[in-house]
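Listed in order, the protein sequences are those of chains A and B.
Just so you know, we're using numbering that gives the first Met the number 0 here: the first sequence kicks off at 0 and counts up by one.
Just so you know, we're using numbering that gives the first Met the number 0 here: the second sequence kicks off at 0 and counts up by one.
Everything below concerns the one structure shown next.
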Amino acid sequence: MINNKAFKIILLSTALLLLVVCLSFARTDHREFKDVALSDCPVCHSSVGVIANHGDFFVKEHRLLAQKAGNNCADCHQQSFCLDCHKGGGIEPDLKKSLSTKGEYMPKTHRSDFISIHSIKAKDNPQNCYRCHESSFCQDCHTKIRNKGSMKIKSHRPAGTSQIYNWNSDHASEARRNLQSCESCHPDADVCIQCHSSGKVNPHPRNWKSIMNKYKNDSKGRTCRKCHITY
Amino acid sequence: MKGMNFFLILITLGMPLLTHAAEVKLTSSTQYLWYQDLLAVDREKSIQDFAQYLRVNVTNMDKEGKINFYAYGRAIKELWTDHDEDFQGRLYYFYLDYRDAFNEHLDLRAGRTFVNEAAVSGTIDGIHMDLKNLGPMGITFFGGRNVIFADKTETGTRGDGLIGMSVYLDTIKNTHVEVSYGRKYCEADGDSLLARENVGLDFSTTPISGMVNFYARLKYDTISESFNEMLFGAKVTPLQDLTLRGEYYESYPTFDTSSLYSVFAVDQYKEQSISAEYQLTSKYRISVKYAREDFSGNIGNSDSAIANVYDVGFLARPIKDLTINATYEIRSGYTDGLSGIRLYGEYKISKMALMAGIDYDDFRRYDSRDGNAEKYWAGVNYEFSKIITVSVKVEDDINFNYNNSYKGFVAININY
Numbered sequence: 000m001i002n003n004k005a006f007k008i009i010l011l012s013t014a015l016l017l018l019v020v021c022l023s024f025a026r027t028d029h030r031e032f033k034d035v036a037l038s039d040c041p042v043c044h045s046s047v048g049v050i051a052n053h054g055d056f057f058v059k060e061h062r063l064l065a066q067k068a069g070n071n072c073a074d075c076h077q078q079s080f081c082l083d084c085h086k087g088g089g090i091e092p093d094l095k096k097s098l099s100t101k102g103e104y105m106p107k108t109h110r111s112d113f114i115s116i117h118s119i120k121a122k123d124n125p126q127n128c129y130r131c132h133e134s135s136f137c138q139d140c141h142t143k144i145r146n147k148g149s150m151k152i153k154s155h156r157p158a159g160t161s162q163i164y165n166w167n168s169d170h171a172s173e174a175r176r177n178l179q180s181c182e183s184c185h186p187d188a189d190v191c192i193q194c195h196s197s198g199k200v201n202p203h204p205r206n207w208k209s210i211m212n213k214y215k216n217d218s219k220g221r222t223c224r225k226c227h228i229t230y
Numbered sequence: 000m001k002g003m004n005f006f007l008i009l010i011t012l013g014m015p016l017l018t019h020a021a022e023v024k025l026t027s028s029t030q031y032l033w034y035q036d037l038l039a040v041d042r043e044k045s046i047q048d049f050a051q052y053l054r055v056n057v058t059n060m061d062k063e064g065k066i067n068f069y070a071y072g073r074a075i076k077e078l079w080t081d082h083d084e085d086f087q088g089r090l091y092y093f094y095l096d097y098r099d100a101f102n103e104h105l106d107l108r109a110g111r112t113f114v115n116e117a118a119v120s121g122t123i124d125g126i127h128m129d130l131k132n133l134g135p136m137g138i139t140f141f142g143g144r145n146v147i148f149a150d151k152t153e154t155g156t157r158g159d160g161l162i163g164m165s166v167y168l169d170t171i172k173n174t175h176v177e178v179s180y181g182r183k184y185c186e187a188d189g190d191s192l193l194a195r196e197n198v199g200l201d202f203s204t205t206p207i208s209g210m211v212n213f214y215a216r217l218k219y220d221t222i223s224e225s226f227n228e229m230l231f232g233a234k235v236t237p238l239q240d241l242t243l244r245g246e247y248y249e250s251y252p253t254f255d256t257s258s259l260y261s262v263f264a265v266d267q268y269k270e271q272s273i274s275a276e277y278q279l280t281s282k283y284r285i286s287v288k289y290a291r292e293d294f295s296g297n298i299g300n301s302d303s304a305i306a307n308v309y310d311v312g313f314l315a316r317p318i319k320d321l322t323i324n325a326t327y328e329i330r331s332g333y334t335d336g337l338s339g340i341r342l343y344g345e346y347k348i349s350k351m352a353l354m355a356g357i358d359y360d361d362f363r364r365y366d367s368r369d370g371n372a373e374k375y376w377a378g379v380n381y382e383f384s385k386i387i388t389v390s391v392k393v394e395d396d397i398n399f400n401y402n403n404s405y406k407g408f409v410a411i412n413i414n415y
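See below:
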């Protein structure tokens, strides 16, 4: 984690860059190139100093361009183009897309049977899922699973043939690595409270003293009161 | 159904705006879909849905062509079901777009619209403004109710909100600097709480004409005082047909302040990746990528937790109208393994496009499940006329939940 000082340095550097006003650069309107084949893009781009995009890895890298203010995505794409992947739309049926178990169109990134492999793909950058899904999306399925024991989560497994679980030794490291997966089955963190509210094991991060009042104020004490009755 | 009522009312209210000889473009897709619900009481039962998508573009509403109106929504209903269920609706967007107003200094969107910036993104019922061409810089503002889609409908409440702004600079040629700020509010017990507050930073420059691009993206969570995401990368094109890329990425999970998980200590995720893309000839392209994923964190964990992920892709257009795409991915290390191939092809014959594909994944989930996930599919698009096309897709999934899970859709698409 980068501390507050580093953050201030970055902000100041940015402010300095903002002051360095040099040559005004007009963005090219791409509307007239809307129907041009992607393979023809280098005809212009190789000579104007802009590297062509929309290659094999564009599914992953497009976020960087689309989140820039003043981007020119809208010169060729309507908002429905974004929402048909990010929000399950389907105005232009794409044969490469599959239906989810709820009958919603899934983006092409959701390969084979995505339920079988989703826990693996979610590990490849855990933030990816949350670009489209609310945390409640996971809970909608995980809280309905009738036989949760069959899921065999690593730290929930019995140690050998005994009745002792790997929980105590493993759960801290596993939770810290992927706390979002805990939230999928335990949305209210009720199982966490059972031990951590006693005060014997402090679950807070190292910088807790400097940030605790923000959580208290922003949640109006609701989050704190789940463990600390006096807040 | 609330969304659909809202949609229809706004369309009615919007009609008087058509005072100029505006151009209206309607796109409709009427669909019949079938699938199986894994969590249903009878998971083998085939569920059938009827869906109607509608997109309306009204452009050139004024003489200068600066005012436009865009709307997109969906109504869906499960067919032949025991429970009495009405249509469910989603309004994806519905906004008035005023481009290049005030001597090309303002782009304005008002209504339901998708907003997307480094600090925060989502769909809002509100306003998005881009004050541009202010010398070399621009400023964006947006704010409104946060529209949350879930389970075929909308769940956002009055207390859910998104606000944000950004300042950006396009001064030095091919250089973009942007600082963005965003807040997300959520409703809890009738109160609207500040759920998240982020600051984003974007930087991109191409200093050597068309050859090297450096970029960075930072997302700082001001409540947890941590960087939620950091990305630094470089993209190089030493040859016209070769693109190389290297990236360093790290993330730190953050949660809404209303969630108890927000107060727990977590570890960073780090990833280093390199990739290459080469256009062998005009007909063939190959790509490779390697990513090293590090889950070890830097606090409290003494054991290392590393995964290695390799991707190879191949695109071929050996003859006119035939496209073949194949990718292979292999993942090993912490804590799961995956080895999978994905193959599909497309062939165009006159007004028809035939497509078919196979996904085959061999996976190992740590101490849990392992096996194969297979998908076989085929489909066709047929263009009856410039206005009407029909799409049909059938798919069979074979996995640990189903010996055969059949799903697909038939869609009649109209572009008018």
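Cβ atoms here follow ideal geometry from the backbone N, Cα and C, with glycine treated the same way.
Check, Outcome
"Close-in-space but distant-in-sequence residues of the same chain around Ala304 (chain B) (CB under 6 Å, 5 per side omitted)", "Phe294, Ser295 and Tyr333"
"Three CB pairs or more closer than 8 Å across the segment 214-222 of chain A and the segment 178-194 of chain B", "yes"
"Residue of B:Ser286, B:Tyr94 and B:Ile397 minimising C-alpha distance to Phe113 (chain B)", "B:Tyr94"
"Whole-angstrom C-beta distance between Pro202 (chain A) and Ala264 (chain B), which should lie under 8 Å", "6 Å"
"Under 7 Å by beta carbon: chain B residues contacting Asn206 (chain A)", "Glu224"
"Minimum Cβ-Cβ distance from Val49 (chain A) to chain B less than 9 Å", "yes"
"Gly110 (chain B) versus Asn127 (chain A) - alpha carbon distance", "28 Å"
"Per DSSP, the bridge partner or partners of Val166 (chain B)", "B:Ile138 and B:Val178"
"Proximity below 9 Å, CB of Tyr180 (chain B) to CB of Gly160 (chain B)", "no"
"Amino acids of chain A, ordered along the chain, whose beta-carbon sits closer than 7 Å to that of Pro252 (chain B)", "Pro125, Leu178 and Gln179"
"Beta strand (DSSP E) segment containing Gln30 (chain B), residue limits", "Glu22 to Gln35"
"Cross-chain neighbours of Pro106 (chain A) in chain E, by beta carbon under 8 Å", "The chain labelled as chain E is not found among the protein chains of the depicted structure, namely A and B."
"Interface flag, Cys226 (chain A) vs chain B, CB-CB below 9 Å", "yes"
"Validate contact between the segment 266-282 of chain B and the segment 53-73 of chain A using beta carbons, cut 8 Å, 3 pairs", "yes"
"Reference Ala356 (chain B), options B:Ile147, B:Tyr346, B:Glu177 and B:Lys65, closest by Cα", "For the sequence presented, residue 356 (chain B) should be read as Gly rather than Ala. Cα-wise, what sits closest to Gly356 (chain B) is B:Tyr346."
"For Leu22 (chain A), the three-state DSSP class (helix, strand or coil)", "Low confidence applies to Leu22 (chain A): its pLDDT is 39, below 50, so where it sits in the model is not reliable enough to give any reading."
"Beta-carbon spacing of Ile192 (chain A), Leu337 (chain B) below 9 Å", "no"
"Of the residues B:Leu105, B:Leu78, B:Thr80 and B:Asn371, the one placed nearest Leu133 (chain B), counting alpha carbons only", "B:Leu105"
"Contained alpha helix (DSSP H) runs [length at least 4] in the segment 102-145 of chain A, N- to C-terminal order", "113-122 and 134-141"
"Entirely enclosed alpha helix (DSSP H) segments - the segment 68-150 of chain B, minimum 4 residues", "100-103"
"Asp96 (chain B) and Phe68 (chain B) closer than 9 Å at C-beta", "yes"
"Per-residue contacts from Phe148 (chain B) into chain A (C-beta, under 8 Å)", "Lys86 and Gly87"
"Alpha carbon of Phe24 (chain A) to alpha carbon of Asp99 (chain B), nearest angstrom", "A caution first: Phe24 (chain A) carries a pLDDT of 47, below 50, which makes its placement in the model too unreliable to give a value."
"CB contact check: His175 (chain B) to chain A, cutoff 9 Å", "yes"
"Integer-rounded CB distance, given that Lys225 (chain A) should sit under 8 Å from Leu259 (chain B)", "5 Å"
"Local Cβ density within 10 Å of Met351 (chain B), reported as buried at 16 or more and exposed below that", "exposed"
"Beta-carbon spacing of Tyr91 (chain B), Gln78 (chain A) below 9 Å", "yes"
"Beta-carbon proximity list for Ala233 (chain B), same chain, < 6 Å, skipping 5 on both sides", "Phe213 and Gly245"
"Validate contact between the segment 395-405 of chain B and the segment 30-42 of chain B using beta carbons, cut 8 Å, 3 pairs", "yes"
"Residue environment, Gly189 (chain B), which counts as buried when at least 16 other CB atoms sit within 10 Å", "exposed"
"Met210 (chain B) (DSSP reduced to helix, strand or coil)", "coil"
"Of the residues B:Ser261, B:Tyr405, B:Ile411 and B:Phe408, the one placed nearest Glu182 (chain A), counting alpha carbons only", "B:Ser261"
"Pairwise C-alpha distance: Tyr405 (chain B) and Asp396 (chain B)", "7 Å"
"Beta bridge counterpart(s) of Tyr219 (chain B) as assigned by DSSP", "B:Val198 and B:Phe226"
"Interfacial residues, the segment 114-127 of chain B to chain A, with Cβ spacing under 8 Å", "Asn115, Glu116, Ala117, Ser120 and Thr122"
"Where the alpha helix (DSSP H) through Met60 (chain B) begins and ends", "That residue, Met60 (chain B), is in no alpha helix (DSSP H); it is neither H nor E in DSSP."
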